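Chemist:
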Amino acid sequence: MKRHFQIHVHGRVQGVGFRYAAMKKARSLHLKGWVENRPDGTVGTAVEGDEKNCLEFIRWCRKGPGYGWVERIEVEEAEPSGYSDFRIRH
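Numbering (the working numbering), first residue to last: -4 to 85.
1) For the alpha helix (DSSP H) containing Arg14, name the first residue and the last one.
2) If we ignore side chains and look at the alpha-carbon of each, how far apart do Phe0 and Glu31 end up?
3) Report the residue from Asp80, Lys19, Ala17 and Glu46 whose alpha carbon sits nearest the alpha carbon of Glu72.
4) Counting only runs that start and end within the stretch 35 to 73, where is the beta strand (DSSP E) found for 3 or more residues in a row?
5) Helix, strand or coil: how does DSSP classify Val30 here?
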């Protein structure tokens, strides 16, 4: 079953390669969506795909890529949007 999640990541997550690492992780899980830096210093991401893989990506977001640090994340479920790939938004 296809699921869609919006994730908002707080902490030291900009300028540490978080977006690139998130893109690599999402693609390795065959997820579609996007990741972006936000003006408030957080990172936003949307992922959709198989439920198991989405939940694995959310678990990964709680830890991050190992540099920087994640203070907390907020997760909301939404209707799938039909993304064709996973990309970094600028």
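We treat Cβ as the ideally placed atom computed from N, Cα and C, and that holds for glycine.
These figures come from a predicted structure and were not determined experimentally.
Modeler: If we stick to the structure as given:
1) For the purposes of this step, residue 14 is identified with residue 19 of the sequence shown, where counting begins at 1. Annotation: the continuous alpha helix (DSSP H) that includes Arg14 extends over Phe13 to Ser23.
2) Taking the sequence shown and counting its residues from 1, the one referred to as residue 0 is at position 5. Taking the sequence shown and counting its residues from 1, the one referred to as residue 31 is at position 36. Here the C-alpha atom of Phe0 lies approximately 14 angstroms from the C-alpha atom of Glu31.
3) On the sequence shown, residue 72 is found 77 positions in, with the first residue counted as 1. Among Asp80, Lys19, Ala17 and Glu46, the Cα nearest to that of Glu72 belongs to Glu46.
4) Annotation note: the stretch 35 to 73 contains the following uninterrupted beta strand (DSSP E) runs of length 3 or greater, listed N- to C-terminal: 38 to 45 and 64 to 73.
5) Mapped onto the sequence shown, residue 30 falls at position 35. Reduced to three states, the DSSP call for Val30 is strand.
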